[in-house]
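All remarks here apply to the structure that follows.
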Amino acid sequence: MTLAAIQFPIIDPIIFSIGPIALRWYGFMYLIGFILAMVIANKAADKSNGLWSRDQVSDLLFYGFLGVILGGRIGYVLFYNFDYFLSDPIYLFKIWTGGMSFHGGLLGVITAIALFARKEKKSFLQVGDFVAPLVPLGLGAGRIGNFINAELWGRQTDVSWAMIFPTDPLGLPRHPSQLYEFFLEGLVLFLIIYFVGKKTKAIGVASGLFLAGYGLFRLTIEFFREPDAHLGFYFSFISMGQMLSLPMVIIGVGLIIWGLNNSQPIVSNSKKNKSSAK
Numbered sequence: 001m002t003l004a005a006i007q008f009p010i011i012d013p014i015i016f017s018i019g020p021i022a023l024r025w026y027g028f029m030y031l032i033g034f035i036l037a038m039v040i041a042n043k044a045a046d047k048s049n050g051l052w053s054r055d056q057v058s059d060l061l062f063y064g065f066l067g068v069i070l071g072g073r074i075g076y077v078l079f080y081n082f083d084y085f086l087s088d089p090i091y092l093f094k095i096w097t098g099g100m101s102f103h104g105g106l107l108g109v110i111t112a113i114a115l116f117a118r119k120e121k122k123s124f125l126q127v128g129d130f131v132a133p134l135v136p137l138g139l140g141a142g143r144i145g146n147f148i149n150a151e152l153w154g155r156q157t158d159v160s161w162a163m164i165f166p167t168d169p170l171g172l173p174r175h176p177s178q179l180y181e182f183f184l185e186g187l188v189l190f191l192i193i194y195f196v197g198k199k200t201k202a203i204g205v206a207s208g209l210f211l212a213g214y215g216l217f218r219l220t221i222e223f224f225r226e227p228d229a230h231l232g233f234y235f236s237f238i239s240m241g242q243m244l245s246l247p248m249v250i251i252g253v254g255l256i257i258w259g260l261n262n263s264q265p266i267v268s269n270s271k272k273n274k275s276s277a278k
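When the letters of the sequence shown are read in order and numbered with UniProt numbering, they come out as residues 1 to 278.
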């Protein structure tokens, strides 16, 4: 094990504060992700030939925001701290203590998509495909927030870019796994969905790409990320994150195959009107 490692600087998690109100880096990064999602979604709506409106985008993002917050918190408590929840059910509502789960947030967003689709009389996969390209950049921004907070660091390593995080009580050189997640789950996944989306408009493909892509990247990165101390490994080699990501890969691949073989491209409202006028 090499003694050389990058010393991670101690960064104040609060950007600035005015009285009791404080802007934190973690929340700021998620705000950036939300703004990016809104910009991309509005541009997609403008180019949808009447299939989507900006008002629908605003409603969808609101539904999605609630899904992320509620699902993320409930998922964290049930997936990662269920025993603690049984001893103190009020813990579920103690959001200020921290703790959010991506997989719980995903289930929350899926629920939000289903409710929105029913309200707007759109198909579930049609809404899911619209949402799929919006999520990775928000995830990537959140991982940068994790990195700035020096949390969710990786396993011990001797690679030349290993970092010593000030929050690590052992002071070991570790993988900066937050940056791995930013690159793969954020940037790379967004580019995959974006460019494949330009090649095919088959319903279900974008949703499948997101599920399979994120699941595969998370499965891989978990081999470099330190597991939760109170959970450790299951069967001595697999983490909770990997167990929750494996079904995403299976369902995602199934959606892609189904979409390419059976689904038809979405037809815009304007094209429907032209067809009916003939």
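Even glycine gets a Cβ: it sits at the ideal position worked out from N, Cα and C.
Using a C-beta cut-off of 8 angstroms, the stretch 166–173 makes no contact with the stretch 52–62, since fewer than three inter-stretch Cβ pairs fall below that distance.
Between Leu-115 and Val-205, the gap from beta carbon to beta carbon reaches 8 angstroms or more. Around the C-beta of Thr-167, fewer than 16 other C-beta atoms lie within 10 Å, and the residue is accordingly described as exposed.
As for any alpha helix (DSSP H) of minimum length 4 sitting wholly inside the stretch 178–235, the runs are 189–199 and 205–221, ordered along the chain. In this chain, the beta strand (DSSP E) harbouring Ile-15 covers 14–18. Where Ile-21 is concerned, the enclosing beta strand (DSSP E) starts and stops at 21–24. Per the C-alpha coordinates, the member of Leu-211, Ala-212 and Ser-236 positioned closest to Phe-223 is Ser-236. A contact between stretches requires three or more CB pairs, one per stretch, nearer than 8 angstroms, and the stretch 144–162 fails this requirement with the stretch 67–84. Residue pairing for Met-163: DSSP places it in a beta bridge opposite Ile-6 and Arg-174. Assignment of beta-bridge partners to Ile-238 by DSSP yields Tyr-234. In the three-state scheme derived from DSSP, where H, G and I count as helix and E and B as strand, Gly-154 is classed as strand.
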